[in-house]
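J.: Below is a structure I'd like to ask you about.
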Amino acid sequence: MNYGHFDDKNKEYVITNPRTPVKWINYIGTLKFGGFVDHTGGALICKGDPSLNRIVKYIQQMPSSDFKGETLYLRLRQGENYKLFSPFFVPTLDHYDLYECHVGLGYNRIISEFYGIRTECTIFVPIDDIREIREIKITNETGKEIELDAISVVEYTHFDAMKQFNNADWVPQTMQSRCIREEKGLMTLIQYAFMRRETNVNFFTSNHPVSSFESDRKRFLGDNEYGKWSNPLSLQKKELGSYEAHRGDNIGVLLHHLGSFKPGQSKSFITQLGQEQSFEKARSGIEKYRDPDAVKKAYDELNGLWEEFLSRMQVETPDPALNSMLNIHNPRQCYITKNWSRYLSYYQLGIGTRGIGFRDSCQDVMGVISHIPEESKELLKKMMMVQRTNGSAMHSFNPLTMEGSKGETGDWPDRPQYYGDDHLWIVLAVITYLKETGDMKFLEEIIPYYDEKKDNRLRENGTVQDHLKRALDFTKNDKGEHSLPHLGFADWNDSVNLRTGAESLFNTHLYGKGLLEMIELCGYLGDTAGVIFYQSEYDGLKDMFNRTSWDGEWYVRYFDSDGTPVGSNKNRDGKIYINAQSWPLISGMALPERAKKSLDSLNRLLNTSKGIKISWPGFDGYDRNKGGGTTYPPGAKENGGIFLHTNPWVVIAEAIMGNGERAYEYYSQINPAAKNDIIEEYECEPYVYAQNILSDEHPQFGLGRNSWLTGTASWMYQAGTGFILGIRPDYKGLIIDPCIPKKWDGFKVTRKYKNAIYDIEVKNPGHRNKGVYRLEIDGREITGNIAPIFGDGKTHLITAIIE
Ligand code: GLC
């Protein structure tokens with residue numbers, strides 16, 4: 017069973033059945049102005065911080081049968097009465113003859129047919145703009161002449177998303193709406209909270225004359241709100257009350273009499289929902305986008321931007337689901353995570369500020385550095401600005417105010433008040449940027465360290481290189497009983513919170529990988545002292561790791577404060593952890609025999625047909641000494657669930673081992689595009705990765721949740737492009753080091769890199785997994801597997817044969 021299909025040619029996913037298991041969403045605009053739209057036309061729109069400047073009320077937890085945030089009704093004149101329905105299916109739930117939601121890059125287009133009336137509605141935010149546009153075209157296919165009205169609806173929220181839900185006294189007393197009547201029957205509804213009347217005014221308008229409006233929900237629904245969204249009583253009258261709300265639950269409703277439609281006739285109109293300081297300030301933009309040509313231009317520009325974004329890398333392999341993900345949906349998700357971090361999704365409610373996670377954004381940015389290096393660099397700089405002078409980092413920060421926060425350690429005052437991994441991620445992110453761009457001058461850029469007690473100008477400064485050094489130094493000086501890095505409050509796994517003094521093998525490897533990168537960087541820069549310094553630290557760490565952390569069949573994951581191993585066969589629960597097996601390969605610290613054994617143990621004990629579990633067995637009961645993960649039942653999230661972010665690390669580890677079969681199997685078994693026909697089990701959008709899938713320890717094995725905003729996106733992209741296809745940038749050129757299934761005959765990739773286009777063909781005549789030793793470049797053969805830097809703006813043909 018499926019709810020739609022991929023249309024790669026048009027770079028869309030087309031939902032054809034609106035009764036999806038949960039609402040499926042898509043992002044429009046950016047954090048500056050935008051949010052998400054669902055496949056039934058609902059939308060959550062904000063300007064800037066979603067928790068502090070929210071425009072539309074969208075309550076994820078309410079039933080799917082209701083619209084959320086925005087909708088559209090049509091009504092047909094039938095004698096004295098009206099036949100009312102929504103072309104978005106909800107909230108009227110009428111029988112449809114056609115329903116398609118085209119999930120595109122930066123837009124949704126809903127096409128439906130109800131009662132012989134075809135509606136096409138394209139929803140998007142123009143690039144860098146402050147408005148959501150809905151272009152609506154209605155066609156009479158009834159064969160008869162009809163008379164039709166269109167009613168556009170938005171439900172507002174208080175700008176403070178939290179207050180909307182925890183204060184039903186102050187909030188409704190402050191909400192107000194006004195109507196601005198313009199020429200020729202045009203009209204704009206404005207809405208604000210009283211205290212923001214002079215600063216933040218929401219506007220809702222149309223390019224078609226509006227005969228009446230409503231701004232009070234109670235009046236619109238009628239009968240003291242015993243009227244329903246599926247049949248608002250006010251819509252049985254010719255005109256709405258045109259009431260300007262002085263308080264209460266504010267909505268914006270615009271009634272358009274579209275008049276009579278001859279058979280086959282179409283009519284269109286455009287609505288805009290946005291926010292400006294005042295109506296006066298908004299006026300010229302409103303007028304501009306009342307013109308369909310301006311809307312078309314903005315829509316074409318948006319498509320052009322995505323075209324350019326995706327053109328950085330395009331692949332052609334024997335696997336359509338992989339192609340679809342790597343060419344369209346995965347890079348799009350990477351961009352969305354880079355932009356929205358963990359702010360706002362169908363699952364991340366953006367209520368109460370959490371801001372941008374330091375570790376999350378460091379990893380997100382790694383997925384888009386090759387596409388948008390400049391934007392990525394800006395984010396890298398911001399992140400270094402919340403690094404403290406001792407090299408550690410704030411757990412999260414608000415990118416608008418640059419205020420840092422310590423994370424969720426507060427509920428656990430007896431645990432360390434910092435995370436042991438955060439700061440280390442910046443090393444990997446900056447190195448990825450350097451290898452992609454060659455912008456080595458960035459290392460010399462001066463960036464202040466974070467100090468909440470000091471004004472910006474008085475803060476200590478350091479070069480980017482110094483920021484990286486201090487990050488590594490922090491961990492160098494923060495080790496426990498086995499001379500391995502401390503866990504802190506948590507490492508990457510937020511929810512294992514052991515007692516103070518515990519050590520983390522994840523931090524060990526993340527630190528080890530950072531050291532490896534610094535050794536390589538110092539070598540490239542000719543800094544011999546640097547190489548020696550980092551190499552000796554790396555060697556000591558590797559030695560300590562190998563002396564302490566082998567459990568016999570696999571590697572342990574932590575040492576608790578009293579030195580007992582966690583993630584050991586000796587434990588009753590949580591005997592084996594995924595990251596403890598994959599990361600020793602990434603850090604290069606695993607001994608070859610153990611690497612193989614540990615990945616085999618992982619395969620035997622953690623792998624399922626729907627993804628690899630984070631750990632096993634799940635803890636069957638809350639255990640404060642183990643931490644937040646034990647709040648979940650076994651098989652869910654960090655308690656033995658399939659926590660997808662960890663899976664691409666195993667893909668990478670298997671690729672490093674040269675095991676192309678397993679790398680591909682692990683990649684494919686969680687590829688949502690490959691689940692399209694069994695999606696009723698997985699439930700989430702088949703065009704994005706989810707954060708987690710319930711594992712075989714849970715009765716609902718296979719159910720996905722928390723789609724969109726997850727580090728899975730960036731790492732699946734890195735694993736797919738950089739380790740299965742094996743195309744990854746290095747200081748000296750583009751490495752071509754594929755690790756593919758034997759059955760593949762080869763594949764093709766077009767990759768833009770340092771101002772040249774690399775047209776790569778990998779051939780696999782011997783049906784092997786791995787092994788490129790020479791390349792043919794524009795007809796000339798070279799040894800090795802690094803395509804050089806051309807930088808000449810030209811296209812170069814590169815052939816690699818796996819032998
Ligand atoms: C969530 C957090 C991320 C963390 C992961 C594992 O995805 O956003 O920071 O690493 O959970 O606990």
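As numbered in my numbering, the sequence shown has no gaps in its residue numbers, which increase by one up to the final residue, 819.
Glycine residues also receive a C-beta, built at the ideal position from the N, C-alpha and C atoms.
Would you kindly work out how many angstroms separate the C-alpha atoms of T624 and N595, rounded to a whole number?
T.: Their Cα atoms are separated by approximately 16 Å.
J.: Go ahead and label R573 buried or exposed: buried means 16 or more other beta carbons lie within 10 angstroms of its beta carbon, across all protein chains shown.
T.: buried
J.: S499: which of A184, Y747, D555 sits nearest, CA to CA?
T.: D555
J.: Would you mind reading off the limits of the alpha helix (DSSP H) that contains T524?
T.: 521-541
J.: State yes or no: is the C-beta of L289 within less than 8 Å of the C-beta of E148?
T.: yes
J.: Taking the alpha-carbon of G604 as reference, which of D576, L318, Q716, L531 has the nearest alpha-carbon?
T.: L531
J.: Consider the C-beta atom of T726 and the heavy atoms of the ligand GLC; say whether any pair is separated by less than 7 Å.
T.: yes
J.: Assign Y4 to buried or exposed, taking buried as 16 or more other Cβ atoms, counted over all protein chains shown, within 10 Å of its Cβ.
T.: Only positions 17 to 819 of the chain appear in the structure, and residue 4 is not among them; the question remains open.
J.: Name, in chain order, the residues that DSSP records as bridge partners for E476.
T.: Paired residues: none, contrary to the question.
J.: For S412, which of D376, P581, L474 has the nearest alpha-carbon?
T.: D376
J.: Can you tell me whether W665 sits near the ligand GLC, meaning its C-beta is under 7 Å from at least one heavy atom of the ligand?
T.: No, the Cβ of W665 stays beyond 7 Å of every heavy atom of the ligand GLC.
J.: Where does W186 land, buried or exposed, given buried means 16+ other C-beta within 10 angstroms?
T.: exposed
J.: So, with DSSP's three-state summary, where would you put S598?
T.: helix
J.: Can you tell me which residues form a DSSP beta bridge with Q838?
T.: In the structure displayed, the chain extends from 17 to 819; residue 838 sits before or after that span and is not available.
J.: Three-state secondary structure (DSSP) at S13?
T.: Nothing can be reported for residue 13, as the shown portion of the chain is limited to 17 through 819.
J.: Are V480 and V446 touching if we call contact CB-CB under 8 Å?
T.: yes
J.: With a threshold of 7 Å (Cβ to nearest heavy atom), would R707 be considered close to the ligand GLC?
T.: The question names Arg, but residue 707 is Gln in the sequence shown. Because some heavy atom of the ligand GLC lies under 7 Å away, the Cβ of Q707 counts as near it: yes.
J.: For the ligand GLC, I want to know if H273 counts as a neighbour, meaning its beta carbon is within less than 7 Å of at least one of the ligand's heavy atoms.
T.: no
J.: Looking only at C-alpha atoms, which of I143, R515, Q76 sits nearest to L47?
T.: In terms of CA proximity to L47, I143 leads the group I143, R515, Q76.
J.: Could you check the C-alpha separation between M560 and Y43 for me, to the nearest Å?
T.: 46 Å
J.: Pull up the distance between the alpha-carbon of T726 and that of E497, whole angstroms please.
T.: 33 Å
J.: Assign S420 to one of three DSSP states: helix, strand, or coil.
T.: The sequence as given places Gly at residue 420; Ser does not occur at that position. Strand.
J.: Cβ atoms of T405 and Y465: under 8 Å apart, would you say?
T.: yes
J.: I think S820 touches G643, with their Cβ atoms under 8 Å apart; what is that distance to the nearest whole Å?
T.: Examination of residue 820 is not possible in this model, given that the chain is present from 17 through 819 alone.
J.: Nearer than 7 Å: is that true of the beta carbon of S5 relative to any heavy atom of the ligand GLC?
T.: Summary: the structure shown does not reach residue 5, with the chain confined to residues 17 through 819, and so no result is reported for it.
J.: Can you say whether M191 is buried or exposed, counting buried as having 16 or more other CB atoms within 10 angstroms of its CB?
T.: buried
J.: When DSSP labels each residue in this structure, what does T32 get in the three-state scheme?
T.: coil
J.: How would you write the range of the beta strand (DSSP E) that R213 sits in, first residue to last?
T.: Counted as a single uninterrupted DSSP element, the stretch harbouring R213 is not any beta strand (DSSP E), since DSSP gives it neither H nor E.
J.: Counting only the same chain and skipping the five closest in sequence on each side, list residues whose C-beta sits under 6 Å from that of E460.
T.: T479
J.: Ends of the beta strand (DSSP E) at N156?
T.: 147-156
J.: In whole angstroms, give me the CA-to-CA distance for G301 and G736.
T.: 42 Å
J.: Assuming M673 and A611 form a contact by the criterion Cβ under 8 Å, report the distance between their Cβ atoms to the nearest whole angstrom.
T.: 6 Å
J.: On the DSSP bridge assignment, give the partners of G749 in chain order.
T.: D746, P804
J.: Using 8 Å as the Cβ pair cut-off and three pairs as the minimum, do the segment 104-123 and the segment 203-222 touch?
T.: no
J.: Rounded to a whole number of angstroms, what is the C-alpha to C-alpha distance between T158 and E713?
T.: 53 Å
J.: Please find out if some non-hydrogen atom of the ligand GLC comes closer than 7 Å to the beta-carbon of E86.
T.: no
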